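Worksheet: the structure to be examined is printed underneath.
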Amino acid sequence: MKKALSIALSAIAMFCLLVGAIMTCVEWVAYDTNFYSQQYTRLGIEAYSGLAEGELMPLTQRIIDYLADRQPDLNMQVTVDGQTQQAFDDRELAHMSDVRALFRTGGTVRLVAWVICAALILLLIILRNRVRTLLLGALIGCGLFLLALLTLFVWGAIDFTGLFTLFHRMSFSNDLWLLDPRTELLIRLVPEQFFIACATRIALYLAAWIAIPAVGFGIALHFLPRRAKEEAK
Numbered sequence: 000m001k002k003a004l005s006i007a008l009s010a011i012a013m014f015c016l017l018v019g020a021i022m023t024c025v026e027w028v029a030y031d032t033n034f035y036s037q038q039y040t041r042l043g044i045e046a047y048s049g050l051a052e053g054e055l056m057p058l059t060q061r062i063i064d065y066l067a068d069r070q071p072d073l074n075m076q077v078t079v080d081g082q083t084q085q086a087f088d089d090r091e092l093a094h095m096s097d098v099r100a101l102f103r104t105g106g107t108v109r110l111v112a113w114v115i116c117a118a119l120i121l122l123l124i125i126l127r128n129r130v131r132t133l134l135l136g137a138l139i140g141c142g143l144f145l146l147a148l149l150t151l152f153v154w155g156a157i158d159f160t161g162l163f164t165l166f167h168r169m170s171f172s173n174d175l176w177l178l179d180p181r182t183e184l185l186i187r188l189v190p191e192q193f194f195i196a197c198a199t200r201i202a203l204y205l206a207a208w209i210a211i212p213a214v215g216f217g218i219a220l221h222f223l224p225r226r227a228k229e230e231a232k
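Quick note: the sequence shown uses numbering that gives the first Met the number 0, first residue 0, plus one each step.
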């Protein structure tokens, strides 16, 4: 009974660690100007957006700083199709305010998840569980998280638009995210193909978060029994 409980607590601790890693991976992508530049080039965003030459990356940096709470607002003038205007209208600004709130919520969820993870690890240490038991639980946690990640990956590969729409409906209490590329610049900067690239990059980062400890745990589990037998001789 104690062993089963310890395995379950270890699995939950590892799962919480990886849940917290989601926001970290999102930030790695969302705050990476090189990633934006690569995708802009690949998708021809400068021409599609209508922005004057040299204005795309400064505007992008302003968006990044806003999401990271380094800028208070997105009030910035740009030249679009030869006309000087505010970069974003009221609808776009309201949506970006919602997005920043979502980033803040993600940061809070990460903190809570990692606190739970640390508390569970401390409890397991206090209970003096065998290392093998803890590693087995952590490996199960990795497996459960990988299963969830693979499910989302397959869903996205089959119907990214459906998954993307569901995410927005669950994350926002309004329809401000439904933007018109004919009149609103924001959606021309980051069309659906951009978000597909974002999701793929985030998934790869998360896969690394899973694979590195999982391989380490697997190797440790393989060798621990051998060492125990050698010590018993």
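Note that CB positions come from ideal geometry on N, CA and C, so glycine has one too.
Fair warning: this is a prediction, and the values are worked out from it, not measured in the lab.
Item, Value
"CA nearest to the CA of S36, picked from A7, A156, G53, D68", "G53"
"C-alpha distance - L165 paired with F194, whole-angstrom precision", "14 angstroms"
"Where V18 falls: helix, strand or coil (DSSP)", "helix"
"Start-end ranges of the beta strand (DSSP E) lying completely within the segment 75–149, minimum 3 residues", "76–79, 82–85"
"Cβ pair count under 8 angstroms reaching 3, the segment 98–107 against the segment 55–71", "yes"
"Spatial neighbours of Q192 in its chain, beta-carbon cut-off 6 angstroms, leaving aside the 5 residues before and after", "L42"
"Simplified DSSP assignment, three categories, for K1", "helix"
"DSSP state of L205 mapped onto helix, strand, coil", "helix"
"Local conformation of L73 per DSSP, three classes", "coil"
"Nearest-angstrom Cβ-Cβ length linking L8 and F144, presumed shorter than 8 angstroms", "16 angstroms between Cβ atoms; not a contact."
"Local Cβ density within 10 Å of S48, reported as buried at 16 or more and exposed below that", "buried"
"Per-residue DSSP class, three states only, for L151", "helix"
"Cut-off 7 angstroms between Cβ atoms - residues of its own chain near A198, not counting five sequence neighbours on either side", "G155"
"Proximity of C116 and A213 at Cβ, strictly below 9 angstroms", "no"
"L42 - partner residues in DSSP beta bridges", "Paired residues: none, contrary to the question."
"Cβ-Cβ distance between V77 and Q70 below 9 angstroms", "no"
"Endpoints, alpha helix (DSSP H) assigned at P57", "55–66"
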